[in-house]
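Read the structure below first, then the notes.
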Amino acid sequence: MDDPDTRDSEEEMTTSDVIAELEPLEPYTTTEVASKTGVPVSRIRRLLRSLNKAGQVERKTAEKPIIWVRKTPVHTCPSCEREFFVRFTHPVLGAVQFCPRCGTQLKS
């Protein structure tokens, strides 16, 4: 199978493009992602499966249709090396990220 992150003339969308379209922790169906990106459902399904194997999205199969959820990125503080998730709760203040342990401002 071809690498889904490789572009060709027929399939312009890559896994990087798909992940950029998904908001962290927001649920999406395959059809919703296809509609949002303008890419056929079969191609989006392959890209989402690849992202799932890479650990970037979760696949919720208890529901029908299948739900895809982008995982929240893990950040590592350069000062104290603590790993943590940033949960965006405010459109402006959420952009400023601080380490919860030492208060170091993180670069976006």
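Residue 1 is where the sequence shown starts when you use full-length UniProt numbering, and the numbers rise one by one after that. For every residue, glycine included, the Cβ atom is placed at its ideal position computed from N, Cα and C.
Inter-residue distance for Q56 and Q105 is about 25 Å (C-alpha atoms, whole angstroms).
Pairing W68 with C102, the inter-Cα distance amounts to about 33 Å. The beta carbon of E83 sits closer than 6 Å to the beta carbons of V74, T76 from its chain, once the five residues preceding and following it are set aside; these are given in chain order. Residues of the same chain with a CB within less than 6 Å of the CB of C80, apart from the 5 flanking positions on each side, are R101, C102 in chain order.
Under DSSP, I67 shares a beta bridge with T29, K60. For T72, same chain residues with a beta-carbon under 8 Å away, outside a window of 5 residues either side, are P24, L25, F85, V86, R87 in chain order.
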